[in-house]
């Protein structure tokens, strides 16, 4: 049995397969996930797990060079991203643009978060 890292086999597989500039999304419960994109549904209950809980786990293994969030998202989401991704560029787009970009991600991780616009697209970086 695996001892450390991400225990969700689907998320671990996706992160291991990402190359430079590949993208994954972490989204709230209500985000419209494109049909052509792999969906990893983590919803356990209303509000669980949260966006931040999932982001913390993903960041244990993924090097992120940029994060894309909606202009409509809360200041708290932006603060969480700045705190946890201080090394990464934060790009703001409209919610509609974020939905369009999500059709180009490798996978979408759906959380149980119910905070409006609590969605982000992580752009994979390089470790050297």
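Numbering (our numbering), first residue to last: 1128 to 1255. Every residue gets a Cβ at the ideal spot worked out from N, C-alpha and C, and that includes glycine.
Close Cβ partners of residue i (< 7 angstroms) along its chain, the five nearest in sequence each way excluded
i	result
residue 1193	1215, 1216, 1218 and 1250
residue 1231	1150
residue 1223	none
Identified DSSP bridge partners for residue i
i	result
residue 1150	1250
residue 1194	1217 and 1249
residue 1236	1153 and 1167
For residue j and residue i, believed in contact at Cβ under 8 angstroms, the rounded distance
i	j	result
residue 1211	residue 1159	With a Cβ gap of about 25 angstroms, residue 1211 and residue 1159 do not count as contacting.
residue 1168	residue 1237	5 angstroms
residue 1220	residue 1145	Not confirmed; about 21 angstroms, so no contact.
Helix, strand or coil at residue i according to DSSP, with G and I counted as helix
i	result
residue 1170	coil
residue 1111	One cannot answer for residue 1111 here, as it falls past the ends of the chain, which runs 1128 to 1255.
residue 1140	helix
residue 1231	helix
residue 1175	strand
residue 1226	helix
Sub-8 angstroms separation of residue i and residue j beta-carbons
i	j	result
residue 1152	residue 1229	yes
residue 1198	residue 1133	no
residue 1245	residue 1183	no
residue 1239	residue 1191	no
residue 1201	residue 1242	yes
Sequence-distant residues of its chain with Cβ nearer than 6 angstroms to residue i (five each side left out)
i	result
residue 1207	1179
residue 1175	1239
Same chain, Cβ closer than 8 angstroms to residue i, five either side skipped, listed in chain order
i	result
residue 1254	1190
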